[in-house]
Amino acid sequence: SSGINAEWPLRPGELVFDNFFKDLEVEAIVAILSCMVFQQKRCSEPELTPELIHAKEQFLQLAHKIVEAEVEEGLLPNDADFQEQFKFGLVEVVYRWAKGEKFSEIMQYTDVDEGTIVRCITRLDEVLRCIKDVARIVGDVDFEAKMDRASLTIKRDIVFAASLYVQ
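For the sequence shown, the working numbering assigns the number -5 to the initial residue and increments by one for each residue that follows.
Structural data, given as structure tokens:
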């Protein structure tokens, strides 16, 4: 799973093998995974539900464990700035989008511009497809279906409208 996409700071397969997603609703999965594709350093602080706060903490613990192992094996120089790789600024926005809110409504919860949000959500669908592929490879049909549902929650309206500007 480590070769899926070199630009992602944490490989999707590692999350699958650790059962990170087991108890999360699909909207929370999508929201937390947005930290893997959102890259803007400064933005308004999201207001997270208790479930999202807990998921974020679990995600960071797992990421730290994986990075420590990679440092031990000599694959990374050190783990001092591993948390800097993950940007959680769009978690609330993506969560609300996955819950079905309109694009104009989710824009009230962030100072990130529309194009960045659209790019983040479309790239997030790529992450979900990779995770779904890992689930298929390991034979977890239920989890594969869960990733399909997660993808469907974000693939709608303006974000996935065909456009010359998005492609």
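Virtual Cβ for every residue (Gly too), placed ideally from N, Cα, C.
Residue i - DSSP class collapsed to helix/strand/coil
{"i": "C124", "result": "helix"}
{"i": "F97", "result": "helix"}
{"i": "Q102", "result": "helix"}
{"i": "G7", "result": "helix"}
{"i": "M87", "result": "The residue asked about is misnamed: residue 87 is Val in this sequence, not Met. It is helical."}
{"i": "I(-2)", "result": "Low confidence applies here, because I(-2) scores a pLDDT of 43, under 50, leaving its location unreliable and the question unanswered by this model."}
{"i": "E108", "result": "helix"}
{"i": "D17", "result": "coil"}
Whole-angstrom distance between residue j and residue i, CA atom to CA atom
{"i": "E19", "j": "G83", "result": "20 Å"}
{"i": "V24", "j": "F32", "result": "12 Å"}
{"i": "K140", "j": "C114", "result": "20 Å"}
{"i": "L122", "j": "E99", "result": "24 Å"}
{"i": "T110", "j": "V65", "result": "32 Å"}
{"i": "A22", "j": "E95", "result": "14 Å"}
{"i": "A92", "j": "L69", "result": "35 Å"}
{"i": "T43", "j": "G133", "result": "32 Å"}
{"i": "F53", "j": "L27", "result": "9 Å"}
{"i": "D127", "j": "E138", "result": "8 Å"}
{"i": "E8", "j": "E45", "result": "21 Å"}
{"i": "S38", "j": "D105", "result": "6 Å"}
{"i": "Q79", "j": "V87", "result": "19 Å"}
{"i": "M101", "j": "C124", "result": "27 Å"}
Span of the alpha helix (DSSP H) around residue i
{"i": "T147", "result": "V135 to I148"}
{"i": "V61", "result": "P44 to E66"}
{"i": "E21", "result": "V20 to L27"}
Residue environment, residue i, which counts as buried when at least 16 other CB atoms sit within 10 Å
{"i": "V135", "result": "exposed"}
{"i": "K81", "result": "buried"}
{"i": "I60", "result": "buried"}
{"i": "R47", "result": "In the sequence as displayed, the identity of residue 47 is Ile instead of Arg. I47 comes out exposed."}
{"i": "K50", "result": "buried"}
{"i": "A57", "result": "buried"}
Residue i CB to nearest heavy atom of the ligand ADP below 7 Å
{"i": "T147", "result": "In terms of ligand content, the structure shown is empty, and the ligand ADP therefore cannot be addressed."}
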